[in-house]
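Those protein sequence lines, which keep their order, are chains G and D.
Letter 289 of the first sequence, counting from 1, is numbered 289 in my numbering, and no numbers are missing.
Letter 182 of the second sequence, counting from 1, is numbered 1182 in my numbering, and no numbers are missing.
Scroll down for the structure; my scribbles are underneath it.
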Amino acid sequence: MRLGRFLQDRLIALVIYIVTLALFYIFMKAYAVDLQAFVAILIVYVLAVSSSLCWDYFRKRDFYRKLLTDVEGLDKKYLVSEMIDHAGFYEGEILLDVLKDCNKSMAEQVASYRKSSNDFREYIEMWVHEIKIPVAAIRLICHNNPELDHRLVQQVKLIDDDINNVLFYSRSEHAHKDYRIKEVKLNKVFGNVALGNRQALQLMNAMLETEGLDISVMTDDKWLEFILGQIVSNSMKYHATDRDLHIQVFAVESEDAVELHCRDNGIGIPSSDLSRVFDKTFTGENGRTGAKSTGMGLFIVKKLCDQLGHGIRILSEVNQYTEVILTFPKNDYYKM
Amino acid sequence: MQTIVIVEGERVLREELSVLLQNAGYQVKCITEFQEVAKQLKEAKADLILLDINLPVVNGEVILQDFRKTSDVPVIMLTSRIDEMDEVLSMSFGADDYITKPYNPTILLLRISAVLKRGRKESQVVTYRDLEVSTVKGSLIRGEEEQVLTKNEMIIFHFLLEHTGEIVSRDDLMTALWDNEEYLNDNALSVNISRLRTKLADLGVDDAIETRKKQGYILK
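The structure is reproduced here in structure tokens:
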């Protein structure tokens, strides 16, 4: 709150004060009152007006200054009305009342959206579990009737992968703690991922190499399985057409963390795109030129890693390799 | 013949599972009345039970808990929910294994045979014709002669041995290998099979593994 603006706001009042003074002067002149008496009145009048202005200015300045610094300092600005009890003057009270009403109404709005978003999430999860039953049935039917085209199995696998994307997207978007962190063997999790993608990998004549995976990390096995599944499926999607896909998966243990490296010999990611691969719906150069990309896979992976407390980074060189590195910090806290 | 009881709420899944297990040489009983399942399970005298979690009337966890009070017959839980199984395990209701839908049928069969084998404690010596199969040493033995098999060759031989006289597809062999974290590709499988043949031939068994065109292999 600046003094200049404050006075400017009261311009009409100031004009009235000056006009009043001028009228005083004219009246006194007309009744031939001594000039000295006028000077005395002038001094008292100016003192009264300026002191009342000062009083008004300072109490309002204190209130608004607190309000502004509170707003600035708050992470959630809408909570500002909770920070101030009372203004100490009438207009301030009105403002506070209005702020509190707005806040309450917004809270109600947010709660209703949160509820509908939660309902939707619950519906999606339920739907995912429901849809898995016919998918499981199709798999069994294919297996029991080997005369059926084996490509059906491949297509069902694609459907299942996409269903899992929906499930994990819904989980990554909501801060619900669906995961359970425990000691998990990397070779077991990766084994599941490899088995799940075996046929697709073999059709590409891919080579899969693992090393040092006989190691435990603190994570949620189902979530990690999804993350690794995304990484492997990206490797398959963005393989170089002039050579067979070669995926190396190895773990490196250091004093305070375990790093899991997944390296392929695919088309790589341009360095200009590298910093943005985790952005939602970012498809980049490779998405435009090659396989279909939704830009969701790595976005979900990053979110899940953040929630689990794992680090993730990507190294790449165009037409040479892409290497995804997951970092599992060692934390004895979980082991208790 | 070993008996497997299927407790699965979805009719289609139940029927297809039953076909799958019958084809794999098991005797199958299905539970279709979901009242007092634990009691029915006790009467069924099964060697293994496949138990779905989402069942009408009472859910699978409760049934398992009830069943475990009186029986230690191995149970594999079937579940469609990713989070649900952790629940069960953490409460240690006593499931021997679990598998989430939509399961890969070959993996399901592998898990079943693994759980059944665990129950049998693997005491008897495995033999093929007049060869002794030593899983401990990873070798085939005939009297004084011994051929050491690599891990991959052993997995392949074991799988063929379990299905002696049946056609085993390359796909099934691959699943068995990958399930043991041996990520072979197509060429490597062929190489391993031919090495296995040579080793068997060295022990005097020439015609053990026969190739069936476009179908797979058969151990005679």
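Just so you know, even glycine gets a beta-carbon here, dropped at the ideal spot from N, CA and C.
These figures come from a predicted structure and were not determined experimentally.
Where residue i sits in the DSSP three-state scheme
i                         : result
glycine 73 (chain G)      : helix
proline 1102 (chain D)    : coil
isoleucine 1031 (chain D) : coil
serine 1090 (chain D)     : Unreliable placement is indicated for serine 1090 (chain D), whose pLDDT of 48 sits below 50; no coordinate value is reported for it.
threonine 210 (chain G)   : strand
tyrosine 1183 (chain D)   : coil
glycine 1216 (chain D)    : strand
glycine 311 (chain G)     : strand
isoleucine 16 (chain G)   : helix
aspartate 149 (chain G)   : coil
proline 134 (chain G)     : helix
aspartate 276 (chain G)   : Looking at the sequence shown, residue 276 (chain G) is not aspartate but arginine. Three-state result, arginine 276 (chain G): coil.
glutamate 285 (chain G)   : helix
asparagine 265 (chain G)  : coil
valine 993 (chain D)      : Residue 993 (chain D) falls outside the range modelled here, since chain D spans only 1001 to 1220, and no answer is possible.
leucine 1203 (chain D)    : coil
asparagine 234 (chain G)  : helix
Candidates the options, of which the one nearest residue i by Cα
i                         : options                                    : result
glutamine 154 (chain G)   : G:Val128, G:Gly297, G:Gly196               : G:Gly196
methionine 236 (chain G)  : G:Glu255, G:Lys222, G:Gly266               : G:Gly266
tyrosine 179 (chain G)    : G:Met1, G:Pro146, G:Cys305                 : G:Cys305
asparagine 1187 (chain D) : G:Gln202, G:Asn192, G:Leu186               : G:Gln202
alanine 137 (chain G)     : G:Asn103, G:Val156, G:Asp75                : G:Val156
isoleucine 1107 (chain D) : D:Leu1219, D:Lys1029, D:Asp1172            : D:Asp1172
leucine 169 (chain G)     : G:Val301, G:Gln320, G:Ala13                : The identity of residue 169 (chain G) in the sequence shown is tyrosine, whereas the question assumes leucine. Checked all of G:Val301, G:Gln320, G:Ala13; the closest Cα to tyrosine 169 (chain G) is G:Val301.
tryptophan 127 (chain G)  : G:Leu167, G:Leu158, G:Leu213, G:Leu96      : G:Leu167
glutamate 1008 (chain D)  : D:Gly1025, D:Cys1030, D:Gln1022            : D:Cys1030
alanine 251 (chain G)     : G:Arg263, G:Arg288, G:Ala240, G:Leu245     : G:Arg263
leucine 1013 (chain D)    : D:Lys1117, D:Ser1169, D:Gly1025, D:Asn1104 : D:Asn1104
Bridge partners - residue i, DSSP secondary structure assignment
i                         : result
leucine 260 (chain G)     : G:Ala251, G:Leu326
leucine 1131 (chain D)    : D:Tyr1128
tyrosine 321 (chain G)    : G:Glu317
methionine 1077 (chain D) : D:Leu1051, D:Tyr1098
glutamate 1210 (chain D)  : D:Ile1218
arginine 114 (chain G)    : Note: arginine 114 (chain G) sits in no beta bridge, so no partner.
leucine 1140 (chain D)    : D:Val1133, D:Gln1147
serine 344 (chain G)      : Any property of residue 344 (chain G) remains undetermined from this structure, which presents chain G solely from 1 to 336.
valine 1007 (chain D)     : D:Leu1051
isoleucine 1167 (chain D) : D:Ile1218
histidine 246 (chain G)   : G:Met207
Below-8 Å beta-carbon distance, residue i vs any chain D residue
i                           : result
arginine 139 (chain G)      : yes
leucine 224 (chain G)       : no
asparagine 144 (chain G)    : yes
asparagine 165 (chain G)    : no
glutamine 338 (chain G)     : The shown model of chain G, from 1 to 336, leaves out residue 338 (chain G), and the question about it has no answer.
arginine 263 (chain G)      : no
isoleucine 231 (chain G)    : no
lysine 185 (chain G)        : no
glycine 297 (chain G)       : no
phenylalanine 328 (chain G) : no
alanine 251 (chain G)       : no
glycine 287 (chain G)       : no
alanine 136 (chain G)       : yes
glycine 191 (chain G)       : yes
Any C-beta of chain G under 8 Å from that of residue i
i                        : result
aspartate 1186 (chain D) : yes
lysine 1101 (chain D)    : yes
aspartate 1007 (chain D) : Inspection of the sequence shows that residue 1007 (chain D) is occupied by valine rather than by aspartate. Taking Cβ atoms only, chain G never reaches closer than 8 Å to valine 1007 (chain D), which makes this a no.
glutamate 1181 (chain D) : yes
proline 1105 (chain D)   : yes
threonine 1224 (chain D) : Residue 1224 (chain D) is absent from the model: chain D starts at 1001 and stops at 1220.
serine 1071 (chain D)    : no
Closer than 8 Å to chain C by CB, residue i
i                       : result
aspartate 161 (chain G) : Protein chains G and D are contained in the structure displayed, whereas chain C is not.
Chain G contacts made by the stretch 1028-1059 of chain D, where a contact means CB separation under 7 Å: none
Interfacial residues, the stretch 194-209 of chain G to chain D, with Cβ spacing under 9 Å: Ala194, Leu195, Gly196, Arg198, Gln199, Leu201, Gln202, Asn205, Ala206, Met207, Leu208, Glu209
Contact residues within the stretch 86-116 of chain G, judged by C-beta distance below 7 Å to chain D: none
Members of the stretch 1008-1028 of chain D that neighbour chain G once the beta carbon cut-off is set at 8 Å: Glu1010, Val1012, Leu1013, Glu1016, Leu1017, Val1019, Leu1020, Asn1023
Contact residues within the stretch 115-134 of chain G, judged by C-beta distance below 7 Å to chain D: His129, Lys132, Ile133
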